[in-house]
Amino acid sequence: MPPLDCVMAGYERCPKGVCFKGLTDPRHHRTRTSVLLRKGGMTLIADVSSDFRQQALRHGIRKIDAIVLSHGHIDHFGGLPDIRSYTEAGPLDVHASGETIDTVTQAFPYMFEGRFGDDKGVPRLRMAELAGPREIAGFMVTPVPVVHGLLKECLGLKIDNIGYVPDVKHMSAGSERLLMGLDCLILNCLRDKGEHRTHMLLDQSMELARRLAPKRCYFIHMTHDIDYTADSAKLDSWMEFSYDGLVVNV
Numbered sequence: 006m007p008p009l010d011c012v013m014a015g016y017e018r019c020p021k022g023v024c025f026k027g028l029t030d031p032r033h034h035r036t037r038t039s040v041l042l043r044k045g046g047m048t049l050i051a052d053v054s055s056d057f058r059q060q061a062l063r064h065g066i067r068k069i070d071a072i073v074l075s076h077g078h079i080d081h082f083g084g085l086p087d088i089r090s091y092t093e094a095g096p097l098d099v100h101a102s103g104e105t106i107d108t109v110t111q112a113f114p115y116m117f118e119g120r121f122g123d124d125k126g127v128p129r130l131r132m133a134e135l136a137g138p139r140e141i142a143g144f145m146v147t148p149v150p151v152v153h154g155l156l157k158e159c160l161g162l163k164i165d166n167i168g169y170v171p172d173v174k175h176m177s178a179g180s181e182r183l184l185m186g187l188d189c190l191i192l193n194c195l196r197d198k199g200e201h202r203t204h205m206l207l208d209q210s211m212e213l214a215r216r217l218a219p220k221r222c223y224f225i226h227m228t229h230d231i232d233y234t235a236d237s238a239k240l241d242s243w244m245e246f247s248y249d250g251l252v253v254n255v
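Mapping of the sequence shown onto the working numbering: position 193 corresponds to residue 198, and the numbering continues sequentially without gaps.
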């Protein structure tokens, strides 16, 4: 733990004091994004963040039936080495674009070189390309192409009637049509002002959400520029900033 004066100096650079509020308000203590979906006794994980072990312990995740990854940035698949306890009974299927599969296998070659064998120290994973709609762990999963930086195959995901779009700057009219009128939309919202090359900001996220017109929209992937209390006043009644541990029944 660094000296208190160093810690406080960091909080002073926080534009809205959100980091300081995180000491007492758990909504402002943000780990990176993973989503757990449960239906009919099955559990599907969308993205395995670098914080996944901490998240799994905190929420008592006992079982994973399958994983789907949105794209090949480390904050969305960096927790894969920590899921080996979920693969003791057998290999776990991980669905992703071809580009993401290549990135994951290059990032963690030791997990794939042996192709399982008798090594209990690495997770046993079966990588499967997600190139079109597919039933995964009892959910119908449809890949939704979006634009995010230089990636060629970044995906949003339509999972049953839920949209999950964690990282996006633009999407085509065809992708928007796949996400129209959902029960729930989970959407990238980086911060409230300025400009960013690869992410939408609050006004852009709200504009897209209004076009897609879901019943409920939850914004994710936020920096410390978003204050739950102050910035929630800007949202439409069916919009909400998400937070660690939020549970939604759809």
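Note that beta-carbon positions come from the ideal geometry of N, C-alpha and C, so glycine has one too.
- The beta carbon of LEU156 lies closer than 6 Å to those of HIS76 in the same chain, with the five residues before and after it left out.
- Among the bridge pairs identified by DSSP, ALA51 is matched with VAL40 and VAL73.
- HIS81 is positioned such that its CB atom lies no closer than 8 Å to that of ILE141.
- Contact between ARG58 and GLY84 is confirmed by a C-beta separation of about 6 Å, below the 8 Å threshold.
- One Cα belongs to PRO86, the other to ASP56, and the distance between them is close to 11 Å.
- One thing to note: ILE79 has its Cβ no nearer than 8 Å to the Cβ of ILE50.
- In the structure shown, the three-state DSSP call for ILE66 is coil.
- In the three-state reduction of the DSSP assignment, GLY103 falls in the helix class, which pools H, G and I.
- GLY154 counts as exposed, since fewer than 16 other C-beta atoms from the protein chains shown sit within 10 angstroms of its C-beta.
- Between VAL146 and LEU162, the gap from beta carbon to beta carbon is short of 8 Å.
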